[in-house]
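Per my numbering, the very first residue in the sequence shown carries number 15; after that it's consecutive.
In what follows, a structure is listed as C-alpha cells, so that the remarks can point back to it.
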Amino acid sequence: MGLVLASVVATPGAAQAGPSVTQREAPDSGFGNCPAGWFCAWEHNDALGRWFQTQRAQTNLMNPIAGFVFGDQISSVWNRTNVDWCAYHWSDFRGDALLIEPGAWSGNLEADTGVWDNTIRSLRPRPANKDCVLPD
C-alpha cells in the first residue's frame, strides 16, 4: 500500500510552512478530486467530508485551514506527488512518523495502520535522502 510506520527518536528544529493549501467543502470530496502533484487529506473514511490539498509542509494542523482544524481529524490520505511524505502524531514534525510513498493512499487509516486515524497533527514532504525522523 505504501504506508510505512517509523518511530521518531528525535525532533527537527525548523519547519517549513506555506500558503499552498486549499481546503474544500464536503460536496467536492472524494479521491477523484485530488489533483496529480498534490497531497490530499480528508476528515472521514473513503475520502469524504472536508479535505485539503497541499504541496508544502504543514507544521501544525491544529491551526485552521479556511476555518477548519484538520489536526486529529484526518481519516483518509492520498499522496499524488512524486516524493515521499511524512505524517506525524504531533505538531512540528514530532512523535511517531508514518511514511506515505508516492501514489500511496488510504481510505481508512484506522484499518490500514491501526493507529493513525484522527491522530495526524503535522505532515511534510520527506527531506531529500533522509528518513522521516531527523536527528537534532
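Backbone N, C-alpha and C fix where the C-beta goes; we use that ideal spot for every residue, glycine too.
Using a threshold of 8 Å, state whether the C-beta atoms of residue i and residue j are closer than that.
{"i": "S120", "j": "S90", "result": "yes"}
{"i": "W99", "j": "I114", "result": "yes"}
{"i": "G117", "j": "N93", "result": "yes"}
{"i": "R138", "j": "A71", "result": "yes"}
{"i": "N132", "j": "I88", "result": "yes"}
Is residue i helix, strand or coil when you go by DSSP?
{"i": "L75", "result": "coil"}
{"i": "N47", "result": "helix"}
{"i": "S105", "result": "helix"}
{"i": "D60", "result": "helix"}
{"i": "T68", "result": "strand"}
{"i": "A118", "result": "coil"}
{"i": "D126", "result": "helix"}
{"i": "P141", "result": "coil"}
{"i": "D110", "result": "strand"}
{"i": "N132", "result": "coil"}
{"i": "V91", "result": "strand"}
{"i": "F84", "result": "coil"}
{"i": "W52", "result": "coil"}
{"i": "C100", "result": "strand"}
Going by alpha carbons, who is nearest to residue i out of the options?
{"i": "V97", "options": "G51, L75 and A80", "result": "G51"}
{"i": "I134", "options": "E124, A118, Y102 and N122", "result": "Y102"}
{"i": "A61", "options": "D145, N122 and G128", "result": "N122"}
Quick one: residues in its chain with C-beta nearer than 8 Å to the C-beta of residue i, no 5 flanking neighbours on either side, listed in chain order?
{"i": "V83", "result": "L75, M76 and N77"}
Count the other CB atoms, across all protein chains shown, that sit within 10 Å of the CB of residue i; report buried if there are 16 or more and exposed otherwise.
{"i": "G81", "result": "exposed"}
{"i": "G128", "result": "exposed"}
{"i": "G85", "result": "buried"}
Leaving out the 5 sequence neighbours to the left and right, which residues in its chain are closer than 7 Å to residue i when beta-carbon positions are compared?
{"i": "C48", "result": "C54, Q67, W92 and R94"}
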